[in-house]
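Chains C and A, in that order, give the protein sequences. The first sequence begins at 0 in numbering that gives the first Met the number 0 and counts up one residue at a time. The second sequence begins at 0 in numbering that gives the first Met the number 0 and counts up one residue at a time. Note that beta-carbon positions come from the ideal geometry of N, C-alpha and C, so glycine has one too.
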Amino acid sequence: MPGAELPVLLPPAPPARAQGDARFGLKARHGLYIAVLFALATGAAQAASDAGLPGPFETLLKWVPFVLKGFGLNLVISFFAMLFGTIAGAALGLMQISLLAPVRSGSWLVTQFFRNSPWLVLLFAIMLLFPFELDFGFVVVPVPDWMKAVIGFSLPIMANISEVVRGAVQSLPSGQWESAESLAFTRGQTLRMVILPQCIKRMIPPWINWYCILAMATPLASIMGVEESVTYTAQALNAEGDRPELIWPFYLFLLLIFFAYTYPIARWSIRLERKFLVKT
Amino acid sequence: MEFFADFFRNLYETTGLNFVIFYEEYEAVRFVNAIWTSLKLIVICLIFSLVVGIVGAWAQGAKSRVVRLGMAGYIQFFRNTPPFVQLLFFYFVVGTTLERAGLMPLVDEGGWTEPLIGNFGWAVISLGFFAGAFNVEIFRSGIEAVPTATREAAEALGYTRLKSYIYVVLPLAFRVCLPALNNNLVNLLKTTTLAYAIAVPEMMYTANQIWSDNVNVPEMMLVLFIYYVALVGVLVWLMHRWERKMRIPGYG
Numbered sequence: 000m001p002g003a004e005l006p007v008l009l010p011p012a013p014p015a016r017a018q019g020d021a022r023f024g025l026k027a028r029h030g031l032y033i034a035v036l037f038a039l040a041t042g043a044a045q046a047a048s049d050a051g052l053p054g055p056f057e058t059l060l061k062w063v064p065f066v067l068k069g070f071g072l073n074l075v076i077s078f079f080a081m082l083f084g085t086i087a088g089a090a091l092g093l094m095q096i097s098l099l100a101p102v103r104s105g106s107w108l109v110t111q112f113f114r115n116s117p118w119l120v121l122l123f124a125i126m127l128l129f130p131f132e133l134d135f136g137f138v139v140v141p142v143p144d145w146m147k148a149v150i151g152f153s154l155p156i157m158a159n160i161s162e163v164v165r166g167a168v169q170s171l172p173s174g175q176w177e178s179a180e181s182l183a184f185t186r187g188q189t190l191r192m193v194i195l196p197q198c199i200k201r202m203i204p205p206w207i208n209w210y211c212i213l214a215m216a217t218p219l220a221s222i223m224g225v226e227e228s229v230t231y232t233a234q235a236l237n238a239e240g241d242r243p244e245l246i247w248p249f250y251l252f253l254l255l256i257f258f259a260y261t262y263p264i265a266r267w268s269i270r271l272e273r274k275f276l277v278k279t
Numbered sequence: 000m001e002f003f004a005d006f007f008r009n010l011y012e013t014t015g016l017n018f019v020i021f022y023e024e025y026e027a028v029r030f031v032n033a034i035w036t037s038l039k040l041i042v043i044c045l046i047f048s049l050v051v052g053i054v055g056a057w058a059q060g061a062k063s064r065v066v067r068l069g070m071a072g073y074i075q076f077f078r079n080t081p082p083f084v085q086l087l088f089f090y091f092v093v094g095t096t097l098e099r100a101g102l103m104p105l106v107d108e109g110g111w112t113e114p115l116i117g118n119f120g121w122a123v124i125s126l127g128f129f130a131g132a133f134n135v136e137i138f139r140s141g142i143e144a145v146p147t148a149t150r151e152a153a154e155a156l157g158y159t160r161l162k163s164y165i166y167v168v169l170p171l172a173f174r175v176c177l178p179a180l181n182n183n184l185v186n187l188l189k190t191t192t193l194a195y196a197i198a199v200p201e202m203m204y205t206a207n208q209i210w211s212d213n214v215n216v217p218e219m220m221l222v223l224f225i226y227y228v229a230l231v232g233v234l235v236w237l238m239h240r241w242e243r244k245m246r247i248p249g250y251g
C-alpha cells in the first residue's frame with residue numbers, strides 16, 4: 000500500500016524538491032555579508048602583494064569587463080543549448096509515450112544513452128567528431144567552437160527534458176485520458192487539448208532546474224578552448240604574470256558571478272513549484 | 000586472450016577500426032590503469048560524499064545557530080556554483096596557496112617528494128563536497144520522515160542526540176531517501192570525469208592520451224561511452240538491490 004503510515008516512520012515525502020530548502024532563503028543583507036567576505040579576501044591578497052604594483056582589487060576591477068564578456072558567452076551557450084535541447088527533448092519525450100512499440104523503445108534507448116553519459120564525454124564527442132563546417136552543396140556554413148559546444152550541451156539536456164515530459168504525462172491520472180476518449184477526442188486531440196496543457200505547469204519547475212544545471216555546466220567548454228569566462232580568467236591571470244596572490248580574488252569573483260546568476264533562478268523555481276503544488 | 004588480441008588486430012588491418020587498447024600491450028596497460036584509477040576515484044568520492052551528507056544532515060539539526068547557518072551557506076554555495084570552477088578553485092587556488100605557505104606536508108615518493116594532497120586528493124575533496132551538498136539535503140528529507148515521537152522514544156530510553164541519530168533516526172531515514180540518493184550518486188559518477196581538467200589519469204584523461212597518440216578518436220569515444228553507461232548501469236543495479244534489501248515490509 001503506497002504511503003502507508005508506520006508508527007515509526009511517516010509516509011515518504013513528495014518527490015524531492017528541485018532545489019534546496021525553503022527555510023534558508025538568502026536576503027539582501029546576506030549579499031552584504033558575501034561582499035564583506037570577498038573584500039576581506041581581496042584585502043588579504045592586497046597585504047600579500049608587493050609594494051609598487053597595483054593592488055589585487057584594482058587589478059581585478061581592470062579585468063572585470065573582460066571576464067564578464069566571457070560570462071556573456073556562457074549565457075549565450077546556455078540559452079541556445081536550452082532552446083535546442085528543449086525542442087529535441089519535447090519531441091523525444093512524446094515519442095516515449097507513443098503507441099508504436101519500436102518508436103517507444105527506440106526513443107527510450109536514445110534517452111537513456113544521453114542521460115547516463117557524462118556531459119564532458121558528450122562534449123568531447125561533439126567537439127572532435129562534428130565537422131568544423133557544414134557543406135550543403137550550395138552554401139558552406141562554418142561551425143565555430145562555441146556552436147559545437149551548444150550542440151554538445153543540448154544533447155544531455157534533450158535526454159533529461161525527454162524524461163521530464165514523459166514523467167509529467169504519466170503523472171496525470173488515467174481518468175483524464177479515458178474521459179477525453181469518451182468525449183470522442185482522438186489521441187492527438189487528447190494530447191494537444193487535455194493532457195499537455197496540464198503538463199506544462201508540472202514541467203516548468205524541473206525545466207528551470209535543468210536550465211540552472213546547464214548554466215553551471217557551460218564552463219566545461221573552456222576545456223575545449225571556447226573563450227568563455229573561465230578561459231578569460233585564466234588569460235587575465237597569465238597576462239598579469241607571476242602574481243599568485245591574484246588567484247584568490249579572480250576565482251572567487253568567477254564563483255560569485257555564477258552564484259549571483261543561478262541562485263535567484265533556483266529560488267524562483269522553488270517558489271513556482273510550491274505555487275503549482277497547491278493548485279494541482 | 001591471444002585470439003582476442005588477434006581479432007582486434009585483424010579488425011584494424013581489414014576495416015581500419017583501431018581498437019588499439021585490445022591488442023597492443025602498452026596501450027592495454029594504460030587502459031587498465033585508467034580503469035583502476037577511475038574506479039578508485041569514483042568509489043572514494045562516493046564514500047566521501049556520503050560521509051559529508053550524513054555528518055552534514057546531523058549538523059543541520061544542531062542547537063547552535065552558527066553551525067546551522069554555516070551548513071546552509073555551504074549547501075547553497077556548492078549547489079549554485081559550477082562544479083568545474085569549484086574543482087579549479089580547490090586545486091589551483093587552495094592547493095597552490097597551501098603549498099606556497101608551506102602548510103602542505105610533503106610525502107617522500109622514493110627520490111622525489113609529492114604534496115600530501117595532489118590532484119587526485121583535490122578531485123576527491125572538491126567532487127565529494129559538491130555531491131555532499133546535495134546528499135545533506137537528501138538525508139534531511141529522510142530525517143524529516145522520522146516522527147518526533149520516535150526520537151522522543153529513543154530519548155526516553157536514554158539515547159543522546161548523537162546516539163539516537165546513529166541507531167534510530169539514520170537507519171530509518173536511509174530507507175526513505177535511497178531513491179533520491181541513487182540519482183545523486185549516478186550524477187557524481189558522471190561528474191568524476193571533470194578530474195580530467197586537473198590531469199588525474201582516469202578514463203577520460205587516458206582516452207584523450209590514447210586518441211592523441213593513435214588518432215583513433217571515434218573508436219576510443221565508443222569505448223568511453225560504453226564504459227560510462229556500463230558503470231552507471233552497475234551502480235543503479237547495486238543501488239536497487241540495496242533498496243530491495245532494506246525495504247520495510249508494508250511501507251512505501
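C-alpha gap between Glu1 of chain A and Tyr11 of chain A, whole angstroms:
15 Å
So, for Asn17 of chain A: in the same chain, excluding its five sequence neighbours on each side, which residues have a beta-carbon less than 7 Å away from its beta-carbon?
Tyr11, Asn213, Asn215 and Glu218
From C:Val229, C:Glu180, C:Lys274 and C:Pro130, residue whose alpha carbon lies closest to that of Pro218 of chain C
C:Val229
Going by alpha carbons, who is nearest to Ile116 of chain A out of A:Gly55, A:Gly94 and A:Leu187?
A:Gly94
Taking the alpha carbon of Val82 of chain A as the reference point, which residue from A:Gly72, A:Ile124 and A:Ile46 has its own alpha carbon closest?
The sequence as given places Pro at residue 82 of chain A; Val does not occur at that position. Of the listed residues, the one whose Cα sits closest to Pro82 of chain A is A:Ile124.
CB contact flag (Thr149 of chain A, Leu82 of chain C, <9 Å)
no
For the alpha helix (DSSP H) that contains Thr149 of chain A, what are its first and last residues?
Thr147 to Ala155
My output table needs one value for Glu201 of chain A: the three-state DSSP class, helix, strand or coil.
coil
Skipping 5 residues on each side, what residues in its chain have a beta carbon closer than 7 Å to that of Glu239 of chain C?
Thr58 and Leu245
Per-residue contacts from Asn159 of chain C into chain A (C-beta, under 7 Å)
Per Cβ cutoff of 7 Å: no residues; Asn159 of chain C is ~11 Å from chain A at best.
What first and last residue would you give for the beta strand (DSSP E) that runs through Thr112 of chain A?
Thr112 to Pro114
Taking 8 Å as the cut-off, does the segment 82–101 of chain C touch the segment 171–185 of chain C (at least 3 CB pairs, one atom from each stretch)?
no
Can you give me the C-alpha to C-alpha distance between Ala15 of chain C and Val138 of chain C, rounded to a whole angstrom?
Because Ala15 of chain C carries a pLDDT of 47, less than 50, the predicted location of this residue cannot be relied on, and the following value inherits that uncertainty. Distance between the alpha carbons of Ala15 of chain C and Val138 of chain C is about 49 Å.
So that I know if they touch, is there some Cβ in chain C lying closer than 9 Å to that of Met103 of chain A?
no
Three-state secondary structure (DSSP) at Glu177 of chain C?
helix
Give the residues of chain A in contact with Leu67 of chain C, contact being defined as C-beta atoms less than 9 Å apart.
In chain order: nothing, as chain A lies at least about 15 Å away.
Which runs of the alpha helix (DSSP H) fall wholly inside the segment 79–128 of chain A and span at least 4 residues, in chain order?
82–87 and 95–99
Residues bridged to Leu133 of chain C [DSSP beta-bridge criterion]
C:Val140
Any chain A beta carbon closer than 9 Å to Trp247 of chain C:
yes
Taking all protein chains shown into account, decide if Val120 of chain C is buried (16 or more other Cβ within 10 angstroms of its Cβ) or exposed.
buried
If you draw a straight line from the C-alpha of Ala21 of chain C to the C-alpha of Trp267 of chain C, how long is it?
Low local confidence applies: a pLDDT of 47 at Ala21 of chain C is under 50, so the model's placement there is unreliable, and no value is given.
Taking the alpha-carbon positions, what's the Ile264 of chain C to Gly69 of chain C distance?
20 Å
Tell me whether Leu8 of chain C sits in a helix, a strand or coil according to DSSP, three-state version.
strand
Would you mind stating whether Ala33 of chain A and Met202 of chain A have Cβ atoms separated by less than 9 Å?
yes
Excluding the 5 residues preceding and the 5 following Ala172 of chain A in the sequence, name in chain order all residues of the same chain whose CB lies nearer than 7 Å to its CB.
Phe138, Gly141, Ile142, Ala144 and Val145
Please list the partners that Ala216 of chain C has in chain A, where partner means a Cβ-to-Cβ separation under 9 Å.
Pro81, Pro82 and Phe83
Measuring alpha carbon to alpha carbon, tell me which of A:Ala198, A:Val92 and A:Met103 ends up nearest Tyr250 of chain C.
A:Val92
Quick check on Glu24 of chain A: buried or exposed, where buried means 16 or more other Cβ atoms within 10 Å of its Cβ?
exposed
Check for me: the alpha helix (DSSP H) holding Ser106 of chain C runs from which residue to which?
Ala100 to Asn115
Compute the beta-carbon to beta-carbon distance between Val231 of chain A and Val199 of chain A, rounded to the nearest angstrom, for a pair I have assumed lies under 8 Å.
In fact, because the Cβ distance is near 19 Å, the residues do not count as touching under 8 Å.
Spatial neighbours of Met0 of chain C within its chain, please: CB distance less than 6 Å, with the 5 preceding and 5 following residues excluded, ordered by chain position.
No answer about Met0 of chain C holds up, because its pLDDT of 45 lies below 50 and its placement is not dependable.
Selection from A:Lys62, A:Val54 and A:Tyr90 that minimises the alpha carbon distance to Tyr73 of chain A:
A:Val54
Just mark Asn159 of chain C as buried or exposed, buried being the case when its beta carbon has 16 or more other beta carbons within 10 Å.
buried
Kindly list, in the order they appear in chain C, the residues whose Cβ is closer than 7 Å to that of Pro114 of chain A.
Those do not exist, as Pro114 of chain A stays about 15 Å from chain C at its closest Cβ, beyond 7 Å.
Out of curiosity, what's the CA-to-CA distance linking Cys211 of chain C and Arg8 of chain A?
46 Å
Please list the terminal residues of the continuous alpha helix (DSSP H) segment that includes Pro205 of chain C.
Leu195 to Ala216
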